[in-house]
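To start, the structure itself, in structure tokens.
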Amino acid sequence: MAAASIFDGNGIEARYREIREIYLSDNRPWVIGYSGGKDSTCTLQMVWTALSALPAEQRQKPIYVISSDTLVETPVIVRYIDVTLARIAAAAAEQGLPIETKKVTPNVDRSFWVNLIGRGYPAPSRRFRWCTERLKIEPANDFIKERVAEFGEVIMVLGVRSSESATRAQVMSFHRIEGSPLSRHSSLLNAFVYGPIEAFSTDDVWTYLLQNPSPWGNDNRDLVAMYRNAQAGECPLVVDKTTPSCGNSRFGCWVCTVVERDRSMEAMIDSGEDWLEPLLEFRDLLAETQTPEKKRLYREFRRRSGHVAFIKGTDTPVPGPYTLDFCKSLLARLLETQVRVQREAPPGDDTLLIHDAELHEIRRIWRSERGDWADSVPQIVRDVLGRDLDWVIEDTVAFTADDRRLLDEVCSDRSVPTELVIRLLDIERAAHGLKRRHAVHTRIEELFRQEWRDLDAVLAERLAGRSIEEIEAADLEDDEEPQLPLLEPRTGAAG
């Protein structure tokens, strides 16, 4: 839609009337998704202006302004959104608007660093974008579900525009309620979606923002400058898988490896934010681990399930998680990056790249799931940060680095995989002191089903199996029987 059709005549006033009518039509609370970008700012500003025209006694229905913090947002944006949310809360209270601000974050066990460094998940890619659901969709949806449980139904007010995402426009059209500006949420029961700027073009959004001052005291020209410096778009509040990806977004995660180059971060550094350069270096390190010829340097050949799967038609294993040794180097490098950024950041900026709770969870995973008898996390933190956290003291049977060295010697003498014995001992340790131990045998049985040989042995068996099948196929040909399609031998299930 052209800008003239929105701003000529009473186009904006008609939008304001629609917002007021929907707000007053029922008791369902509103949840406004705010990312700090142009679309969500325009949406919130229009809602604010429209409702400010209502008498105070009619402005009673609660409005929640939520912002999704993945805990790996670009520090400049974190600061901008924190300041803005504080201004929104203060201005709403002063002006008598029932607006409450809330930042939603992923649970610690679902955070980016716990998954990548703790569990060894590889850096996200287009084919394996594991981060979006865990870091964005789940936290926002958890908040919405809480409001649904409290009020029965909610209306989500989003800065979505049909001209920006064809897929999103199609989904909204499919879920549109006949005769209503609302749509049903694509996946959440009792949640409805309203898009006040759905018909806006990009020019419409900027025209509105530059012609109407921010009611909570921001300067929208600063927002224009941020976009100009970043040369990129925004990252919307993601509430389902149809929401467009952030990609090169200025308002996205600094660790994003879904794109080949982070031109947004490069543009920020070029525009004067030199202190962000260590973040770009770390992000490029993660991107390097996705290079096909280098994956074997960083990743296990077994999947997280403990099995080996092969790329179809080849003898190349599907890469598994990052090795524990590489995860240790990543943690040290991340903490070193944090120290550099904090040293070079502008005064008053206390950027934290990884939180203490995440370090505790990584330590727990390494100790209980990855056989880290050396208890490496406290030592890495001490070496890089020069301090100790309030580490949990294990009250169960605990093994040490010396125990690991001794076990390596014993297993080597008997040609037994050390990792297998470690996992068996960890199962026993986890069950130590329990009265009911019925699950122990099941876990041991599952462990023995996993692949514990080295890659050479697995490949040798695979090649031997193929040779047998080729001989059988040749025999069939000699007997003039129809040749059957050969099946690839299984060497473990996919993870």
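Note that our numbering numbers the sequence shown so that position 205 is 205, with each residue one more than the last. Virtual Cβ for every residue (Gly too), placed ideally from N, Cα, C.
Q: Please state whether DSSP places Leu182 in a helix, a strand or coil.
A: Translated into positions along the sequence shown, residue 182 becomes position 182. If DSSP states are grouped into helix, strand and coil, Leu182 belongs with the strands.
Q. The alpha helix (DSSP H) spanning Glu288 covers which residue range?
A. For this step, residue 288 is matched to residue 288 along the sequence shown. Per DSSP, Glu288 belongs to the alpha helix (DSSP H) from 277-288.
Q) Under a Cβ-count criterion, where at least 16 other Cβ atoms within 10 Å of its own Cβ denotes burial, should Pro346 be classed as buried or exposed? A) Taking the first residue of the sequence shown as position 1, residue 346 is located at position 346. The residue is exposed, with fewer than 16 neighbouring Cβ atoms inside 10 Å.
Q) By Cβ distance, which residues of its chain are closer than 8 Å to Thr442, with the 5 residues on each side in sequence left out? A) By 1-based counting over the sequence shown, the position of residue 442 is 442. Same-chain partners within the cutoff: there are none.
Q: Compute the beta-carbon to beta-carbon distance between Pro215 and Trp48, rounded to the nearest angstrom, for a pair I have assumed lies under 8 Å.
A: For the purposes of this step, residue 215 is taken as the residue at position 215 of the sequence shown. For the purposes of this step, residue 48 is taken as the residue at position 48 of the sequence shown. Correct: roughly 5 Å between the Cβ atoms.
Q. By Cβ distance below 7 Å, which residues in the same chain neighbour Val108 in space, the five residues on each side in sequence not counted?
A. For the purposes of this step, residue 108 is identified with residue 108 of the sequence shown, where counting begins at 1. So the qualifying residues of the chain are Val114, Ala357, Glu358, Glu361.
Q.
Quick check: Ser68 and Lys38, are their CB atoms within less than 9 Å of each other?
A. Translated into positions along the sequence shown, residue 68 becomes position 68. Translated into positions along the sequence shown, residue 38 becomes position 38. No; because the gap between Cβ atoms is not below 9 Å, this pair is not in contact.
Q) Looking at the structure shown, is Gly33 part of a helix, part of a strand, or coil, going by DSSP? A) Indexing the sequence shown from 1 puts residue 33 at position 33. Gly33 falls in the strand class under three-state DSSP.
Q) Hey, Asn190 and Val160 are a contact pair by Cβ (cut 8 Å); roughly how many whole angstroms apart? A) The sequence position of residue 190 within the sequence shown is 190, counting from 1. The sequence position of residue 160 within the sequence shown is 160, counting from 1. Incorrect: roughly 20 Å between the Cβ atoms, too far for contact.
(Q) In this structure, how does DSSP classify Ser111 when only helix, strand and coil are distinguished? (A) Position 111 of the sequence shown, counted from the start, is the residue given in the question as residue 111. Three-state result, Ser111: coil.
Q | Residue range of the alpha helix (DSSP H) that includes Ile422 | A | Reading the sequence shown from its first residue, position 422 is the one you call residue 422. Residues 418-431.
Q) If you run the structure through DSSP and keep just helix, strand and coil, what is Val157? A) For the purposes of this step, residue 157 is taken as the residue at position 157 of the sequence shown. Reduced to three states, the DSSP call for Val157 is strand.
Q. Of the choices Ser305, Arg304, Gly320, whose alpha-carbon is the least far from that of Ile311?
A. By 1-based counting over the sequence shown, the position of residue 311 is 311. When Ser305, Arg304, Gly320 are compared, the shortest CA-CA separation from Ile311 is found for Gly320.
Q | Segments of 3+ residues assigned as beta strand (DSSP E) that fall wholly inside the stretch 283-337 | A | none
(Q) The alpha helix (DSSP H) that contains Ala86, what's its start and end? (A) As a first step, residue 86 must be located in the sequence shown, where it is residue number 86. Start and end: 75-95.
(Q) Could you check whether Thr101 and Tyr64 sit closer than 9 Å to each other, using their CB atoms as the reference points? (A) Along the sequence shown, one-based indexing puts residue 64 at 64. Along the sequence shown, one-based indexing puts residue 101 at 101. The answer is yes: Cβ separation under 9 Å.
**Q.** 8 Å CB neighbourhood of Gln290 in its chain, flanking five on each side removed
**A.** In the sequence shown, counting from the first residue as 1, residue 290 sits at position 290. Once the five neighbours on either side are set aside, the close Cβ partners of Gln290 are Pro122, Ala123, Ser125, Thr257.
Q: Indicate whether Leu279 and Leu353 have their beta-carbon atoms separated by less than 9 Å.
A: For the purposes of this step, residue 279 is taken as residue 279 along the sequence shown, with counting starting at 1. For the purposes of this step, residue 353 is taken as residue 353 along the sequence shown, with counting starting at 1. In contact: Leu279 and Leu353 (Cβ atoms closer than 9 Å).
**Q.** 6 Å CB neighbourhood of Thr323 in its chain, flanking five on each side removed
**A.** Working through the sequence shown from its first residue, we reach residue 323 at position 323. Excluding its 5 nearest sequence neighbours in each direction, Thr323 has C-beta neighbours in its own chain below 6 Å: Glu300, listed in chain order.
Q | For Thr101, three-class secondary structure by DSSP | A | Within the sequence shown, the letter at position 101 stands for residue 101. It is a strand residue.
Q: With a 10 Å radius around its C-beta and 16 neighbouring C-beta atoms as the bar for buried, classify Asn27 as buried or exposed.
A: The sequence position of residue 27 within the sequence shown is 27, counting from 1. Exposed.
Q: Go ahead and label Ala14 buried or exposed: buried means 16 or more other beta carbons lie within 10 angstroms of its beta carbon, across all protein chains shown.
A: The residue given as residue 14 occupies position 14 in the sequence shown. Exposed, because fewer than 16 other Cβ atoms sit within 10 Å of the Cβ of Ala14.
(Q) Which of the three DSSP states is assigned to Tyr194 in this structure? (A) Within the sequence shown, numbered from 1, the residue matching residue 194 stands at position 194. If DSSP states are grouped into helix, strand and coil, Tyr194 belongs with the strands.
Q) Which residues in the same chain have their Cβ closer than 7 Å to the Cβ of Cys131, if we skip the five residues on either side of it in sequence? A) Taking the first residue of the sequence shown as position 1, residue 131 is located at position 131. Beyond the five residues adjoining it in sequence on each side, Cys131 comes within less than 7 Å, by CB distance, of Phe112, Pro124 in the same chain, given in chain order.
Q.
Can you tell me whether Tyr71 is buried or exposed? The criterion is at least 16 other CB atoms within 10 Å of its CB, across all chains shown.
A. Sequence index remark: in the sequence shown, residue 71 carries index 71 (1-based). Checking the sequence, you will find Leu at residue 71 rather than Tyr. Leu71 comes out buried.
Q: May I ask you to list the residues that DSSP assigns as paired with Ile523?
A: Outside the shown range of the chain (1 to 495) lies residue 523, about which nothing can therefore be said.
Q.
Buried or exposed for Val451, going by 16 or more other Cβ atoms inside 10 Å?
A. Along the sequence shown, read from residue 1 onward, the residue named residue 451 stands at position 451. Sequence check: residue 451 is Glu here, not Val. Glu451 comes out buried.
Q | Three or more C-beta pairs below 8 Å linking the stretch 376-386 and the stretch 323-332 | A | Yes: the two stretches touch, three or more of their Cβ pairs being nearer than 8 Å.
Q) Would DSSP call Cys253 helix, strand or coil? A) Along the sequence shown, one-based indexing puts residue 253 at 253. If DSSP states are grouped into helix, strand and coil, Cys253 belongs with the strands.
Q | Gln58 versus Leu24: straight-line alpha-carbon distance, rounded | A | The sequence position of residue 58 within the sequence shown is 58, counting from 1. The sequence position of residue 24 within the sequence shown is 24, counting from 1. Approximately 8 Å, taken between the alpha carbons.
(Q) Taking a contact to mean a Cβ-Cβ separation below 9 Å, would you say Ile22 touches Ile155 in this structure? (A) Here residue 22 refers to the residue found at position 22 when the sequence shown is read from its first residue. Here residue 155 refers to the residue found at position 155 when the sequence shown is read from its first residue. Against a cut-off of 9 Å, the Cβ pair of Ile155 and Ile22 comes out as a contact.
Q) Distance, Cα to Cα, Ala232 vs Asn212? A) Here residue 232 refers to the residue found at position 232 when the sequence shown is read from its first residue. Here residue 212 refers to the residue found at position 212 when the sequence shown is read from its first residue. With a pLDDT of only 47 at Ala232, under 50, the local geometry of the prediction cannot be trusted, and the value read off the model is given with reservation. Going by the C-alpha atoms only, they are around 23 Å apart.
Q. Nearest to Leu420 by CA position, among Glu445, Pro139, Ile365, is which residue?
A. Along the sequence shown, read from residue 1 onward, the residue named residue 420 stands at position 420. Checked all of Glu445, Pro139, Ile365; the closest Cα to Leu420 is Glu445.
Q) Sorted by chain position, which residues of the same chain lie with C-beta nearer than 6 Å to Thr74's C-beta, five sequence neighbours on each side aside? A) Locating residue 74 in the sequence shown gives position 74, counting from the first residue. These residues qualify, in order along the chain: Trp254.
Q. Straight-line CA distance for Ile136 to Ser415?
A. As a first step, residue 136 is located in the sequence shown; it is residue number 136 there, counting from the start. As a first step, residue 415 is located in the sequence shown; it is residue number 415 there, counting from the start. According to the sequence provided, residue 136 is Lys. The question's Ile does not apply to it. Looking at the two C-alpha atoms, the distance is approximately 46 Å.
Q) Where do the ends of the alpha helix (DSSP H) carrying Leu406 lie? A) As a first step, residue 406 must be located in the sequence shown, where it is residue number 406. That run of the alpha helix (DSSP H) goes 401-413.
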